[in-house]
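Okay, structure first, notes after.
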Amino acid sequence: MNILIIGGGGREHALAWKMAQSPQLEKLFIAPGNAGTAEVGTNVPIGVEDFEGIKELVLKKGIDLVVVGPEVPLVAGVADFFKEDPELKEIPVIGPSKAGAELEGSKDIAKTFMLENDIPTGGFRTFIDYTVSEGRHYLTKLKPPYVLKADGLAAGKGVLIIDNLEEAQQELENMLNGKFGEASRKVVVEEYLPGIELSVFVLTDGKGYVIFPEAKDYKRIGEGDTGLNTGGMGAVSPVPFADDKFMKKVEERIVKPTIEGLKSDGVDYKGFIFIGLMNRDGDPYVIEYNVRMGDPESEVVLPRIKTDFVELMKATAENRLSEMEIEFDHRTVTTVMLVSGGYPGSYEKGKEITGLDKVEECVVFHAGTKSDGDRTVTNGGRVIAVSSYGDTMKEALEKSYENAEKINFEGKYYRKDIGFDL
Ligand code: AMP
Ligand code: GLY
Numbered sequence: 000m001n002i003l004i005i006g007g008g009g010r011e012h013a014l015a016w017k018m019a020q021s022p023q024l025e026k027l028f029i030a031p032g033n034a035g036t037a038e039v040g041t042n043v044p045i046g047v048e049d050f051e052g053i054k055e056l057v058l059k060k061g062i063d064l065v066v067v068g069p070e071v072p073l074v075a076g077v078a079d080f081f082k083e084d085p086e087l088k089e090i091p092v093i094g095p096s097k098a099g100a101e102l103e104g105s106k107d108i109a110k111t112f113m114l115e116n117d118i119p120t121g122g123f124r125t126f127i128d129y130t131v132s133e134g135r136h137y138l139t140k141l142k143p144p145y146v147l148k149a150d151g152l153a154a155g156k157g158v159l160i161i162d163n164l165e166e167a168q169q170e171l172e173n174m175l176n177g178k179f180g181e182a183s184r185k186v187v188v189e190e191y192l193p194g195i196e197l198s199v200f201v202l203t204d205g206k207g208y209v210i211f212p213e214a215k216d217y218k219r220i221g222e223g224d225t226g227l228n229t230g231g232m233g234a235v236s237p238v239p240f241a242d243d244k245f246m247k248k249v250e251e252r253i254v255k256p257t258i259e260g261l262k263s264d265g266v267d268y269k270g271f272i273f274i275g276l277m278n279r280d281g282d283p284y285v286i287e288y289n290v291r292m293g294d295p296e297s298e299v300v301l302p303r304i305k306t307d308f309v310e311l312m313k314a315t316a317e318n319r320l321s322e323m324e325i326e327f328d329h330r331t332v333t334t335v336m337l338v339s340g341g342y343p344g345s346y347e348k349g350k351e352i353t354g355l356d357k358v359e360e361c362v363v364f365h366a367g368t369k370s371d372g373d374r375t376v377t378n379g380g381r382v383i384a385v386s387s388y389g390d391t392m393k394e395a396l397e398k399s400y401e402n403a404e405k406i407n408f409e410g411k412y413y414r415k416d417i418g419f420d421l
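Per numbering that gives the first Met the number 0, the very first residue in the sequence shown carries number 0; after that it's consecutive.
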């Protein structure tokens, strides 16, 4: 089977690496990919939103199945584009329709969906420019800290958590005035949920589902979870507090009603659901939905899946997921993200990466990298994820850190405390 993966980060390298292990895979293409995906497949320089370019590639290369990595093409309707095109409509896309992708594309739609389906989440209200005074008043009724979320996609930057009421009211106004562009023309004000976070990943064909290993990621740039938010600085799987009892609650209270809710709304959803959860005294509450795998969570979750991943993709396409058993590796996997100096602010690209041939007992997933002649150079803020297995989290982390030392590029930074809170 010939597969195309859309995307070019660490998540897509992890997907490509996992699928390349399958005897069912013939040819693998990644658009646009990075220097890491080029080791397991063929990169094609087509952007994730260039649907016509993707169409041409799919037809020319005889692609049998498409797996969509990032949210942007999903929210832009890539699955619908395939469905509506006479030449593409028989080619399965793993990734929801545009309507399904709204679970990530609009916080207001996601929260309303949770409310309608009795899915545990914090209380909320949504405001637009001419209801700003109601918004200011609503904030006075909440306890600090105040959570303000841009409704639309804001590349992970659209959430503000503020302790002071006046400041929160001012930021609500700033957001509605376009602080995050179009994304914050609508703002969800949400009850703050104390607790410890965790990410759960589900693969569904719209009816059946499998739950992947859970993970925890570390989003802040600084140690001790301080400083600016990033795409993710490291991750761990499994998460010790997510025991069978907790995961059963997640399945019964969240996963099942989510899939049922999508079905009863007539939403076409074949793909990943990434549920961001808060564990509040042993009970799960949804913080957010994403309609894709996480990054860097994929770099710890996919190495723990033993089941043939191409078979999982095929079963999703053919509505056979309810018959699938999924097998996990019970070891711990950790990943440490090496990032460019200055990230998540401005940073330089094109720095040569050395030491990739020196690593041992780990899997190196490329995020922002590219080949430049026979050199590999940095090409983004998050550059390399170093994933390792261990019988314990400590052992896995030791390997990730030993190898993180060996890989070098000018300005390299990484957090030394991944897993500190577990
Ligand atoms: P999001 O972009 O929705 O994942 O939000 C970014 C981060 O803000 C999350 O990873 C949480 O750490 C935090 N967060 C979002 N919503 C809440 C909430 N209602 N209560 C507490 N923390 C939250
Ligand atoms: N690591 C968080 C995300 O993928 O959104």
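Glycine included, every Cβ here is placed at the ideal spot set by N, Cα and C.
A check of alpha carbon separations from Ala13 across Lys415, Ser386 and Gly418 identifies Ser386 as the nearest. Taking every residue with its beta carbon within less than 5 Å of a heavy atom belonging to the ligand GLY gives, in chain order, Asp216, Gly231, Gly293 and Asp294. Distance from the CA atom of Met232 to the CA atom of Asp390, rounded to whole angstroms, is 22 Å. The C-alpha of Tyr217 is placed about 12 Å away from the C-alpha of Gly226. Listed in chain order, the non-local C-beta contacts of Lys97 below 6 Å within the same chain comprise Gly76 and Asp79, local neighbours out to five positions each way being set aside. The three-state reading of DSSP puts Glu101 in helix, counting H, G and I together. Within the segment 219-303, the complete beta strand (DSSP E) segments at least 3 residues long are 219-221, 225-228, 233-236, 270-279 and 282-289, listed from N- to C-terminus.
Between the ligand AMP and Lys140, a heavy atom-to-CB distance of less than 8 Å is absent.
Taking the Cα positions, Glu347 is about 25 Å away from Glu48. The residue from Pro72, Phe200 and Leu87 with its alpha-carbon nearest to that of Gly61 is Leu87. When C-beta atoms of the segment 241-257 are compared with those of the segment 165-182, fewer than three pairs fall below 8 Å, so the two segments do not count as touching.
Nearest neighbour of Leu24 by Cα position, chosen from Met277, Ala15 and Pro31, turns out to be Ala15. Secondary structure of Phe28 (DSSP, three-state): strand. Taking the C-beta atoms as reference points, Lys415 is found nearer than 9 Å to Glu222. Distances from the CB of Val146 to the heavy atoms of the ligand AMP include at least one below 8 Å.
Residue range Val131 to Lys140 is occupied by the alpha helix (DSSP H) that includes Gly134.
Not one heavy atom of the ligand AMP lies closer than 8 Å to the C-beta of Lys59. Each residue's CA atom was taken as its position, placing Leu355 and Phe126 some 49 Å apart. Asn228 has its Cβ nearer than 8 Å to a heavy atom of the ligand AMP. Under the three-state reduction of DSSP, Tyr400 is assigned to helix.
Assigned with DSSP and collapsed to three states, Glu351 falls in strand.
Per DSSP, Val309 has no beta bridge partner at all. For Ser183, the secondary structure class from DSSP, reduced to helix, strand or coil, is helix.
The segment 198-212 and the segment 266-286 touch, with no fewer than 3 CB-CB distances between them shorter than 8 Å. Looking only at Ala241, Val363 and Leu152, the smallest Cα-Cα distance to Ile352 is reached by Val363. Note that the C-beta distance between Leu152 and Val65 is not below 9 Å.
Residue burial annotation: Ser399 is buried, with at least 16 other C-beta atoms found within 10 angstroms of its C-beta. Relative to the non-hydrogen atoms of the ligand AMP, the Cβ of Leu114 never comes closer than 8 Å to any of them. Rounded to whole angstroms, Glu166 and Lys350 show a C-alpha spacing of 40 Å. With a beta-carbon spacing of about 7 Å, Gly275 and Glu196 fall inside the 8 Å limit used to define contacts. Residue pairing by DSSP places Phe327 opposite Ile304 in a beta bridge. DSSP, reduced to helix, strand and coil, places Ser21 outside both helices and strands of the structure shown, so it counts as coil.
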